[in-house]
Amino acid sequence: MCSPKCFIGGVLYAAGTPNPANSCETCAPATSTTQWTARVSIPLLVGGDDITAQGWTTVSQTPNTLTYGADYVRLETSTNSGARTSGQLLLKRENAFDGTKPFKFHVTMQVESVNTHNQLDSGAAILGSFTSPAGNSTDRSEMIYLDSAAIGWADDTQSAAFSVKDGAYHVYELSVDAAKVATVSIDGVAKLTRNNFTTNGTIAIGDQTNDPNVDGAVRIKSVELLCH
Numbered sequence: 016m017c018s019p020k021c022f023i024g025g026v027l028y029a030a031g032t033p034n035p036a037n038s039c040e041t042c043a044p045a046t047s048t049t050q051w052t053a054r055v056s057i058p059l060l061v062g063g064d065d066i067t068a069q070g071w072t073t074v075s076q077t078p079n080t081l082t083y084g085a086d087y088v089r090l091e092t093s094t095n096s097g098a099r100t101s102g103q104l105l106l107k108r109e110n111a112f113d114g115t116k117p118f119k120f121h122v123t124m125q126v127e128s129v130n131t132h133n134q135l136d137s138g139a140a141i142l143g144s145f146t147s148p149a150g151n152s153t154d155r156s157e158m159i160y161l162d163s164a165a166i167g168w169a170d171d172t173q174s175a176a177f178s179v180k181d182g183a184y185h186v187y188e189l190s191v192d193a194a195k196v197a198t199v200s201i202d203g204v205a206k207l208t209r210n211n212f213t214t215n216g217t218i219a220i221g222d223q224t225n226d227p228n229v230d231g232a233v234r235i236k237s238v239e240l241l242c243h
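Note that our numbering numbers the sequence shown so that position 194 is 209, with each residue one more than the last.
The following block contains the structure:
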């Protein structure tokens, strides 16, 4: 039995195929077999599936582990006894979005454990701009740190109390508008803002630093870029 497809512009597309000219549209035969259908978001990472096949790479220093569950990818870092450096493990997706335009992305993630951040360094972080290997000064200032009971900008200009390490998954959102005003929300509730947010279009998630005893363990269920 043949699966439903779309016939658009003289070309046959399988269900779920994005429009080559606009990734916010997809072939959805249940809606239309002759036109592209708008979608709410673009999946950038699906937990449980190989990250490399989805366009992600890692930036790492030992000790660290990357493992998979049924619907998540798990990152964990640690510090060896007496060591002057620690593990680092970031997932990185280059060209995730056009940084010259407004953007919004969601990271659905559970923080199992995390040490308190140092200024410009975090064991559980979300970066809306990233330059290897640990972020440049701008990337790190704008970085979102996740501590056990708070989130904030890593330059320590603003923080908000939140029970990050509560055993649950939360949706962390970074939204930047046309005026370069950034807003960070958790489960739809705004927590942080800053002006003049700049980005190179690369997303990074995980333990950003090799500072000793600044480590973390997180489960990432999904990353998605929202369509405006």
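Idealized CB from N, CA, C, for every residue including glycine.
A quick note: this is a predicted structure, and the numbers were derived from the prediction, not measured.
P19 and P35 do not touch by the CB rule: their CB atoms are close to 20 angstroms apart, not below 8 angstroms.
Annotated as distal: C39 and C21, with beta-carbon spacing of 8 angstroms or more. A direct Cα-to-Cα measurement between A140 and T115 gives close to 23 angstroms. Secondary-structure assignment with DSSP links H121 through a beta bridge to E188 and E239. The alpha-carbon of I159 is positioned some 40 angstroms away from that of S47. Per DSSP, the unbroken alpha helix (DSSP H) holding R155 starts and ends at S152 to E157. Rounded to whole angstroms, the gap between the alpha carbons of F145 and L104 is 13 angstroms.
Rounded to whole angstroms, the gap between the alpha carbons of L189 and T82 is 25 angstroms. Residue environment for A85: exposed (fewer than 16 other C-beta atoms within 10 angstroms of its C-beta).
Of K180, K119, G143 and S128, the smallest CA-CA separation from R108 is found for G143. The beta-bridge partner set that DSSP reports for Q76 consists of Q103. Apart from sequence neighbours up to five positions away, the residues of its chain that approach A165 with a beta-carbon distance below 8 angstroms are S174, A175, A176, F177 and V179, ordered along the chain.
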